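Down below is the structure, laid out as structure tokens.
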Amino acid sequence: AQKVTQAQTEISVVEKEDVTLDCVYETRDTTYYLFWYKQPPSGELVFLIRRNSFDEQNEISGRYSWNFQKSTSSFNFTITASQVVDSAVYFCALSEGSTGNQFYFGTGTSLTVIP
Amino acid sequence: EPEVTQTPSHQVTQMGQEVILRCVPISNHLYFYWYRQILGQKVEFLVSFYNNEISEKSEIFDDQFSVERPDGSNFTLKIRSTKLEDSAMYFCATRGLAGGFNIQYFGAGTRLSVL
Numbered sequence: 001a002q003k004v005t006q007a008q009t010e011i012s013v014v015e016k017e018d019v020t021l022d023c024v025y026e027t028r029d030t031t032y033y034l035f036w037y038k039q040p041p042s043g044e045l046v047f048l049i050r051r052n053s054f055d056e057q058n059e060i061s062g063r064y065s066w067n068f069q070k071s072t073s074s075f076n077f078t079i080t081a082s083q084v085v086d087s088a089v090y091f092c093a094l095s096e097g098s099t100g101n102q103f104y105f106g107t108g109t110s111l112t113v114i115p
Numbered sequence: 001e002p003e004v005t006q007t008p009s010h011q012v013t014q015m016g017q018e019v020i021l022r023c024v025p026i027s028n029h030l031y032f033y034w035y036r037q038i039l040g041q042k043v044e045f046l047v048s049f050y051n052n053e054i055s056e057k058s059e060i061f062d063d064q065f066s067v068e069r070p071d072g073s074n075f076t077l078k079i080r081s082t083k084l085e086d087s088a089m090y091f092c093a094t095r096g097l098a099g100g101f102n103i104q105y106f107g108a109g110t111r112l113s114v115l
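Residue numbers (the working numbering), protein chains in the order written: chain S, 1 to 115; chain Z, 1 to 115.
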């Protein structure tokens, strides 16, 4: 079974539109961490955010916001007023346990922002 | 900002040849990882390394693979006899203890092409 599911394979939006990327995770651990990484066309993986399982507060960072809901095992990512530079593949990842070892990545969502 | 450095950025090799991928971790980081991303697919965990030994490995990490930290700085991934299906992007990641605990910082990747 997939530990991290990103059901949206590809999304296209017009610049300045808002877009939400979905992430659903599965774990039996009570302590875990969730992450979002951005992979631009250049290929590197850029860390965006980390959330631990005990902190369900939503977070906003500029145009980015994250909605963590344990009740639905979801950790969704919203980009407000999207820009062309947001075009990338976005990966959600899970790390289990208090020390956390390997990351389990979702299959990624490819976001294209059309000017 | 400290970063994980991977060399080379692109490695082309003939099937059956040995390759060594190199990674220079962020200074003071103690946990090291290798991940693989086949083109268009998700990022997959290969191995984690701590205190000069493997702490966890996936099914992908078979006898053809090995890791070491020969000089206390570089962290290397060796593939003894490459196969066509080893063609992928290989990411090194490192993790520290303080501050961004449990955040894995990724290098820009090495694209391995096996011909």
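We treat Cβ as the ideally placed atom computed from N, Cα and C, and that holds for glycine. This one's a predicted model, so the numbers in the text were calculated from it and none came from an experiment.
query, result
"Roughly how many whole angstroms lie between the Cα atoms of G62 (chain S) and S110 (chain S)?", "21 Å"
"Quick one: which unbroken beta strand (DSSP E) runs of 3-plus residues sit fully inside the region 29–59 of chain Z? Chain order, please.", "31–37, 43–50 and 53–57"
"Given a cut-off of 7 Å, decide if Y90 (chain Z) and I26 (chain Z) are closer than it, judged by their beta-carbon atoms.", "no"
"Runs of 3 residues minimum, wholly inside the region 76–109 of chain S: which ones carry the beta strand (DSSP E) assignment?", "88–96"
"Would you identify the three-state DSSP class for S71 (chain S), choosing helix, strand or coil?", "helix"
"Within the continuous beta strand (DSSP E) that includes N52 (chain S), where are the two ends?", "V46 to N52"
"Could you tell me whether any Cβ in chain Z is nearer than 7 Å to the Cβ of Y64 (chain S)?", "no"
"If you follow the beta strand (DSSP E) that R111 (chain Z) is part of, which residue opens it and which one closes it?", "T110 to V114"
"Could you pull the DSSP bridge partners for M89 (chain Z) from this structure?", "Z:Q37 and Z:R111"
"Determine whether the Cβ of L111 (chain S) lies closer than 7 Å to any Cβ atom of chain Z.", "no"
"Report the rounded CA-to-CA distance for L115 (chain Z) versus V12 (chain Z), giving the unit in angstroms.", "7 Å"
"Who are the neighbours of E59 (chain Z) on chain S, taking C-beta pairs under 7 Å?", "Chain S residues near E59 (chain Z): none, gap ~12 Å exceeds 7 Å."
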